[in-house]
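Peer 1: Mapping the sequence shown onto numbering that gives the first Met the number 0, position 253 (from 1) lands on 252, and the numbers just tick up by one.
C-beta: ideal position from N, C-alpha, C; glycine also.
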Amino acid sequence: MSGRKIDYLRISLTDRCNLRCRYCMPHDIDSVPMSEILTYEEIREITRVAAQEGIRHVRVTGGEPLVRKGCPDCVRMLKAIPGIETVMLTTNGIWLRKFLPDLLEAGLDGVNISLDTLQREKYREITGYDGLEEVLKAVEACVSAGIRTKINVAAAREINETEILDLARLSEKWPVDVRFIEMMPIGYGKEYHGLDNRRVLEMIKNRYPDLQEAAPAAGAGFGPAVYMQIPGFLGRTGLISPIHGKFCQSCNRLRLTSTGKLKYCLCYDDAEDLRSVIRSGETPEEKQERIRKIFRAAGQRKPAGHRFEEPDQISEKKRMNEIGG
0 MSGRKIDYLR
10 ISLTDRCNLR
20 CRYCMPHDID
30 SVPMSEILTY
40 EEIREITRVA
50 AQEGIRHVRV
60 TGGEPLVRKG
70 CPDCVRMLKA
80 IPGIETVMLT
90 TNGIWLRKFL
100 PDLLEAGLDG
110 VNISLDTLQR
120 EKYREITGYD
130 GLEEVLKAVE
140 ACVSAGIRTK
150 INVAAAREIN
160 ETEILDLARL
170 SEKWPVDVRF
180 IEMMPIGYGK
190 EYHGLDNRRV
200 LEMIKNRYPD
210 LQEAAPAAGA
220 GFGPAVYMQI
230 PGFLGRTGLI
240 SPIHGKFCQS
250 CNRLRLTSTG
260 KLKYCLCYDD
270 AEDLRSVIRS
280 GETPEEKQER
290 IRKIFRAAGQ
300 RKPAGHRFEE
310 PDQISEKKRM
320 NEIGG
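Here it is in structure tokens:
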């Protein structure tokens, strides 16, 4: 799409995870050999060139990024790149308290924590692990540390349709953004019925009729969420609606998979192989120029829009842990 501004890069550090969420990777799978995964130095070099071509905001993802040794060191590397304004992290929260001091010291700007239920047994059923209490402690630790914190809820009928209000109320006691994300038909997500965020909003409005659109908050983020404010709540409610509120024309992001594929859109398998470039026998200058041209053309290469509403048009067949959350 001509004129698309691309300033946000999501970087997956690994396809591995310490949970087995039913809609992502519900059982053990064959992980990619470490030799095929980008090193932190390779990630840094790719991001350095990307920053020269307009990337300003980076989000570190997985799998679960904290299962890869040295994740805080990678955050530090990325923060030191000229032109990169923010480095953020998406995590399931299980190991977050352990690594939070190192992440803060490395300069992390914000954290998104995945949390789909507040029921202990349901959490165990969804993730394969009894970790709800640890995740809630991680949220509290982030709030106490003063780092910008968001809670990501994958909204699906089978998972949390009856918990929408309970989850939204997390922003009553904590200054966090609770964001409801429509489940996308990717990987095992195809087996679930994603909640229409118009229905989510209706449920919240019925309980809180004074709900109003929230003014942009400093450091709130650089993605597609629409935020609402419940009067008296410390935090906000966010809606990310890729299916029933397509935001493709304003999409400002690219995804770099752990194996070095630069993806333009989650719906399609179209990608550039940056690993082959960064590991080629060319001179550093030649590699940088090839990567620069790829990022420079990214605005033109991004599709005009996804077609998730047409299953036969979805060419992406990989699981989300392989792509990057």
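(1) Name the DSSP beta bridge partners of TYR226, please?
(2) Ends of the beta strand (DSSP E) at MET87?
(3) Is DSSP giving ILE125 helix, strand or coil here?
(4) Specify, as a first and last residue, the run of the beta strand (DSSP E) that MET109 falls within.
(5) Looking only at C-alpha atoms, which of TRP173, LEU238, ASP101 and ARG58 sits nearest to ALA154?
(6) For a quick check, are the C-beta atoms of SER275 and ASP14 less than 8 Å apart?
(7) Span of the alpha helix (DSSP H) holding LEU386?
(8) Would you mind listing the beta strand (DSSP E) stretches within the segment 30–74 that are 3+ residues and don't spill past its ends, in chain order?
(9) Between ILE150 and LEU114, which are expected to be in contact by the criterion C-beta below 8 Å, what is the C-beta distance as a whole number of angstroms?
(10) How long is the line joining the alpha carbons of MET182 and ARG21, rounded to whole angstroms?
(11) Please return the same chain residues whose Cβ sits closer than 6 Å to the Cβ of GLY82, not counting the five positions on each side in sequence.
(12) Measure the alpha-carbon distance for TYR39 versus VAL48 and round it to whole angstroms.
(13) Let me know if SER240 comes out buried or exposed under the rule of 16 or more other beta-carbons within 10 Å of its beta-carbon.
(14) Keeping to the same chain, check which residues put their C-beta closer than 7 Å to that of LEU102; ignore five residues upstream and five downstream.
(15) According to DSSP, is ARG289 helix, strand or coil?
(16) Give me whichever residues DSSP pairs with GLN118 in a beta bridge.
(17) Report, in whole angstroms, the separation of the C-beta atoms of LYS290 and ILE45, which I expect to be a contact under 8 Å.
(18) Would GLU139 pass as an interface residue toward chain B - the criterion being a Cβ-Cβ separation below 8 Å?
(19) Do you know how far the Cα of LEU117 is from the Cα of ASP165?
(20) VAL142 and ASP108 - do their beta-carbons sit closer together than 8 Å?
(21) Over the uninterrupted alpha helix (DSSP H) stretch that includes GLU104, give me the two end residues.
(22) Among the residues of its own chain, which have a CB less than 6 Å from the CB of ILE229, if the five just before and after it don't count?
(23) Sorted by chain position, which residues of the same chain lie with C-beta nearer than 7 Å to GLU212's C-beta, five sequence neighbours on each side aside?
(24) Taking C-alpha atoms, which residue in ARG19, SER34, VAL225 and ILE36 lies nearest to ILE28?
(25) Which residue wins for smallest C-alpha separation from ALA270, given the options LEU255, LEU37, GLY106 and TYR122?
(26) Should HIS26 be labelled buried (16 or more other beta-carbon atoms within 10 Å of its own) or exposed?
(27) Leaving aside the five residues before and after ALA219 along the sequence, list all residues of the same chain whose C-beta is less than 6 Å from its C-beta, in chain order.
(28) Rounded to the nearest angstrom, what separates LEU8 and ARG58 at their Cα positions?
(29) Does DSSP put SER11 in a helix, in a strand, or in coil?
(30) So, using beta-carbon positions, are ILE384 and ILE125 closer together than 8 Å?
(31) Tell me, please, which residues DSSP counts as bridged to ILE180.
(32) So ARG335 is in the beta strand (DSSP E); what residue range does that whole segment cover?
(33) Our contact map puts GLY234 next to VAL177 with C-beta atoms below 8 Å; I'd like the distance itself, whole angstroms only.
Peer 2: Quick look at the numbers:
(1) For TYR226, the pairing in a beta bridge is given by DSSP as GLY237.
(2) Counting along the chain, the beta strand (DSSP E) containing MET87 begins and ends at 85–90.
(3) When DSSP states are grouped into helix, strand and coil, ILE125 belongs to the helix group.
(4) Before going further, note that residue 109 is Gly rather than Met in the sequence given. That run of the beta strand (DSSP E) goes 109–113.
(5) The closest CA to that of ALA154, considering only TRP173, LEU238, ASP101 and ARG58, is found on LEU238.
(6) Taking 8 Å as the Cβ cut-off, SER275 and ASP14 do not qualify as a contacting pair.
(7) Residue coverage of the chain in this structure runs from 0 to 324, which leaves residue 386 outside it and unanswerable.
(8) Complete beta strand (DSSP E) runs here, min 3: 56–60.
(9) Confirmed, about 5 Å.
(10) Distance between MET182 and ARG21, taken at the CA atoms: about 12 Å.
(11) Closer than 6 Å at Cβ, skipping near neighbours: ALA50.
(12) If I take the Cα positions, the gap works out to 14 Å.
(13) So SER240 counts as buried.
(14) Counting only residues of its own chain and dropping the five nearest sequence neighbours on each side, LEU102 has a CB closer than 7 Å to the CB of PRO71, VAL74 and LEU88.
(15) Three-state result, ARG289: helix.
(16) GLN118 has no beta-bridge partner at all, per DSSP.
(17) Checking the sequence, you will find Ile at residue 290 rather than Lys. Going by Cβ atoms, the distance from ILE290 to ILE45 rounds to 6 Å, so yes, they are a contact pair.
(18) Among the protein chains of the structure shown there is no chain B, as only one such chain exists.
(19) Going by C-alpha positions, ASP165 is about 8 Å away from LEU117.
(20) One thing to note: ASP108 has its Cβ no nearer than 8 Å to the Cβ of VAL142.
(21) Boundaries of the alpha helix (DSSP H) harbouring GLU104: 95–105, taken from the DSSP string.
(22) Around ILE229: TYR207 and LEU210.
(23) So the qualifying residues of the chain are MET227.
(24) In terms of Cα proximity to ILE28, the closest of ARG19, SER34, VAL225 and ILE36 is ARG19.
(25) Ranking LEU255, LEU37, GLY106 and TYR122 by Cα distance to ALA270 puts LEU255 first.
(26) HIS26 comes out exposed.
(27) Confidence in ALA219 is poor, its pLDDT being 46 and thus under 50, which makes the residue's placement too unreliable to answer from.
(28) CA-CA distance, LEU8 to ARG58, rounds to 6 Å.
(29) DSSP places SER11 within a strand segment (E or B) once states are collapsed to three.
(30) In the structure as shown, the chain starts at 0 and stops at 324, and residue 384 therefore has no counterpart that could be examined.
(31) DSSP, once it has assigned bridges, lists ALA153 and ILE239 as partnering ILE180.
(32) No information on residue 335 is available, as it lies outside the stretch 0 to 324 that the chain covers here.
(33) About 7 Å separates the two Cβ atoms, so the contact holds.
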